[in-house]
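A quick write-up on the structure given underneath.
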Amino acid sequence: MELFNTIVIKSDDPNHAKTFHSLIFDNHFIVMVILGDTPASKTAVEKADYWADDSPRKIERKVAWIPQPNTLKNKCLDLLASFNNFQPAQYGKVLAFSLSPRWHETKHILWTTDTVDDLAIREAYLKAGRMERAIQ
């Protein structure tokens, strides 16, 4: 699979935590974080990478693929905590989540039971790109 907008976060890379942090917090990207190495995860990565090029309002979109979800579990849980009613026990059921570009809040979650199609990926990007809360 050829990926143009995806950074693969590998557990054997000593800089994996720094790379993940930088992608999210050092830029104003809409970031789709995809967890796992399952067929559904790989489909989500391919579709998210493809739709990352379709960015209205010119806000760049990027994909962070974490094939081994426990690699950055605590950092992902911190990001997922901003999603309404998310519980840490649900982490194993998360396939992907999208983050807003300014406040880095989780705006949409794709669950492992969801159908991964173009519409689901585009919806996750669109929700993350909506007008955010006022700048304080």
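Going by this note's numbering, the sequence shown opens with residue 1, and the numbers climb by one from there.
The beta carbon of each residue, even a glycine, is placed where N, CA and C say it ideally should be.
The beta strand (DSSP E) that contains residue i, what's its start and end?
i    : result
V8   : T6 to V8
T106 : T106 to W111
S98  : V94 to L99
A64  : R61 to I66
L35  : I30 to L35
So is residue i buried or exposed if we call it buried at 16+ other beta carbons inside 10 Å?
i    : result
K47  : buried
W65  : buried
W4   : In the sequence under discussion, the amino acid at residue 4 is Phe, which differs from the Trp named in the question. So F4 counts as exposed.
D49  : buried
T38  : exposed
H108 : buried
R11  : At residue 11 the sequence reads Ser, which differs from the Arg that was named. Result: exposed.
Rounding to the nearest angstrom, what Cα-Cα distance links residue i and residue j in this structure?
i    : j    : result
A89  : S100 : 23 Å
D114 : N15  : 31 Å
T19  : N74  : 15 Å
H21  : R102 : 14 Å
R130 : L119 : 16 Å
D190 : I121 : Missing from the structure shown is residue 190; the chain here goes from 1 to 136 and no further.
T106 : Y125 : 11 Å
C76  : E123 : 20 Å
Y91  : W111 : 9 Å
M1   : S98  : 21 Å
To the nearest whole angstrom, what separates the beta carbons of residue i and residue j, a pair I think is in contact under 8 Å?
i    : j   : result
P67  : V8  : 7 Å
T6   : V33 : That belief does not hold up - the Cβ atoms of T6 and V33 are roughly 11 Å apart, past 8 Å.
V116 : A17 : Wrong, their Cβ atoms sit about 27 Å apart, outside the cutoff.
L80  : V94 : 7 Å
L23  : A96 : That pair is no contact at about 15 Å.
Kindly indicate the opening and closing residues of the alpha helix (DSSP H) around residue i.
i    : result
S41  : P39 to W51
A128 : D118 to G129
* **Three or more C-beta pairs below 8 Å linking the segment 21 to 29 and the segment 58 to 78** => yes
* Would the segment 37 to 53 and the segment 76 to 94 be scored as touching if the rule is three or more Cβ pairs under 8 Å? -> no
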